[in-house]
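Structure record follows, encoded as structure tokens.
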Amino acid sequence: MKILLFGGTFDPPHKGHMNNLQAAMDCVQPDKVIVMPAGIPPHKKASTTDAALRLAMCACFTALSPKVEVSDWEVRQGGRNYSVNTVEMLHSRYPADSLYMCVGSDMLLSFTRWYRWQDILRMTALVVESREAGDAAALHAAAEELRRQGATVLLAQAQAFPCASSDIRSGRVPRSRWEEVLPPNVIQIVKDNGLYTCDADING
Numbered sequence: 372m373k374i375l376l377f378g379g380t381f382d383p384p385h386k387g388h389m390n391n392l393q394a395a396m397d398c399v400q401p402d403k404v405i406v407m408p409a410g411i412p413p414h415k416k417a418s419t420t421d422a423a424l425r426l427a428m429c430a431c432f433t434a435l436s437p438k439v440e441v442s443d444w445e446v447r448q449g450g451r452n453y454s455v456n457t458v459e460m461l462h463s464r465y466p467a468d469s470l471y472m473c474v475g476s477d478m479l480l481s482f483t484r485w486y487r488w489q490d491i492l493r494m495t496a497l498v499v500e501s502r503e504a505g506d507a508a509a510l511h512a513a514a515e516e517l518r519r520q521g522a523t524v525l526l527a528q529a530q531a532f533p534c535a536s537s538d539i540r541s542g543r544v545p546r547s548r549w550e551e552v553l554p555p556n557v558i559q560i561v562k563d564n565g566l567y568t569c570d571a572d573i574n575g
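Going by the working numbering, the sequence shown opens with residue 372, and the numbers climb by one from there.
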């Protein structure tokens with residue numbers, strides 16, 4: 372069985388995330404997809420959005436396929452979590468199956484600085500999505516270098532989406548454009564809970 376891990380802070384999940392996951396699914400053809408919202412990722416500040424709300428918003432991904440499930444494992448761990456911890460958990464839970472982990476192109480370029488990155492490569496194949504137009508050359512070079520070290524690196528054909536979660540939190544994408552970038556259930560949760568109500572949102 373092929374299992375695809377798709378992790379992130381998802382504060383909030385947006386249509387770019389959905390495009391990336393769909394591209395990874397098209398590339399891998401997995402039997403199971405696990406969407407894993409982060410607790411406190413080691414390379415970022417802790418999310419100010421309640422973990423239960425981020426989990427609820429991630430239900431948007433289940434619209435892509437019945438193979439998609441949302442896991443609260445990282446959220447339940449408490450404290451900071453490294454990707455290798457999640458990969459080890461899945462490797463232990465599914466020892467006979469093949470694991471694939473999605474990473475953005477920006478993350479691949481710094482992958483050899485990740486905690487225990489060699490162990491991640493030993494247990495998983497990487498599925499890389501482009502997040503910026505024009506990053507293809509650097510991305511292919513980084514992938515080739517990892518392959519020389521024994522890694523399996525697949526390149527998913529995802530169209531770059533001109534939005535980031537931080538754009539929504541900061542108000543750079545105003546409320547008037549939310550329908551363009553956010554799935555309907557995410558918009559409803561955001562509005563019901565008064566999330567991302569900075570001045571730029573209100574004035575936009």
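All residues carry an ideal CB built from backbone N, CA and C; glycine is no exception.
(message) Against chain C, does residue 492 count as a neighbour if the rule is that its beta carbon must be under 8 Å from one of theirs?
(response) The structure shown contains no chain C; it is built from a single protein chain.
(request) Note down, one range per segment and in chain order, each alpha helix (DSSP H) of at least 4 residues found wholly within the segment 492-572. (result) As far as the segment 492-572 is concerned, its whole alpha helix (DSSP H) runs of at least 4 residues are 507-519, 536-541, 549-552, 555-563.
(message) With DSSP as the reference, identify every bridge partner of residue 426, one or two as the case may be.
(response) In the sequence shown, residue 426 corresponds to position 55, counting from 1. Paired residue(s): none; residue 426 is not in a bridge.
(message) Which complete beta strand (DSSP E) runs does the segment 382-411 hold, if anything under 3 residues is left out?
(response) Those beta strand (DSSP E) runs which fall completely within the segment 382-411 and span 3+ residues are 403-408.
(message) Using the Cβ count rule (16 or more neighbours within 10 Å means buried), how would you classify residue 550?
(response) Along the sequence shown, one-based indexing puts residue 550 at 179. It is exposed - the Cβ of residue 550 has fewer than 16 other Cβ atoms within 10 Å.
(request) Quick one: measure Cβ to Cβ for residue 554 and residue 373, integer angstroms, because I've assumed they're closer than 8 Å. (result) Here the question's residue 554 lines up with position 183 in the sequence shown. Here the question's residue 373 lines up with position 2 in the sequence shown. About 25 Å separates the two Cβ atoms, so there is no contact after all.
(message) Between which two residues does the alpha helix (DSSP H) holding residue 479 run?
(response) Sequence index remark: in the sequence shown, residue 479 carries index 108 (1-based). That run of the alpha helix (DSSP H) goes 476-480.
(message) Would residue 470 and residue 499 qualify as a contact pair, given that the criterion is a beta-carbon distance under 8 Å?
(response) Along the sequence shown, read from residue 1 onward, the residue named residue 470 stands at position 99. Along the sequence shown, read from residue 1 onward, the residue named residue 499 stands at position 128. Note that the C-beta distance between residue 470 and residue 499 is not below 8 Å.
(request) Please list, in chain order, all residues of the same chain as residue 488 whose beta carbon is under 7 Å from its beta carbon, the five residues on each side excluded. (result) Taking the first residue of the sequence shown as position 1, residue 488 is located at position 117. Closer than 7 Å at Cβ, skipping near neighbours: 482.
(request) Please list, in chain order, all residues of the same chain as residue 460 whose beta carbon is under 8 Å from its beta carbon, the five residues on each side excluded. (result) Counting from 1 along the sequence shown, the entry for residue 460 is found at position 89. The residues are 444.
(message) Please state the DSSP three-state secondary structure of residue 472.
(response) Here residue 472 refers to the residue found at position 101 of the sequence shown. Note: residue 472 maps to strand in three-state DSSP.
(message) Given this structure, state the Cα-to-Cα distance separating residue 390 from residue 406, to the nearest angstrom.
(response) On the sequence shown, position 19 is the one that residue 390 refers to. On the sequence shown, position 35 is the one that residue 406 refers to. Distance between residue 390 and residue 406, taken at the CA atoms: about 14 Å.
(request) Tell me whether the beta-carbon of residue 426 lies closer than 8 Å to the beta-carbon of residue 441. (result) Working through the sequence shown from its first residue, we reach residue 426 at position 55. Working through the sequence shown from its first residue, we reach residue 441 at position 70. Yes, Cβ-Cβ distance for residue 426 and residue 441 is below 8 Å.
(message) Let me make sure I understand the geometry here. Which of 541, 534, 396, 543 has the alpha-carbon closest to that of residue 552?
(response) Taking the first residue of the sequence shown as 1, we reach residue 552 at position 181. The candidate whose alpha carbon is nearest that of residue 552 is 534.
(request) Between the Cα of residue 513 and those of 480, 536, 538, 475, spot the shortest distance and give me the residue it belongs to. (result) As a position in the sequence shown, residue 513 is number 142, starting the count at 1. Checked all of 480, 536, 538, 475; the closest Cα to residue 513 is 480.
(request) For residue 461, name the three-state secondary structure that DSSP assigns. (result) Working through the sequence shown from its first residue, we reach residue 461 at position 90. In the structure shown, residue 461 sits in a helix (DSSP, three-state: H, G or I).
(message) DSSP three-state label for residue 451, please.
(response) The residue labelled residue 451 in the question sits at position 80 within the sequence shown. DSSP places residue 451 in strand when its eight states are reduced to three.
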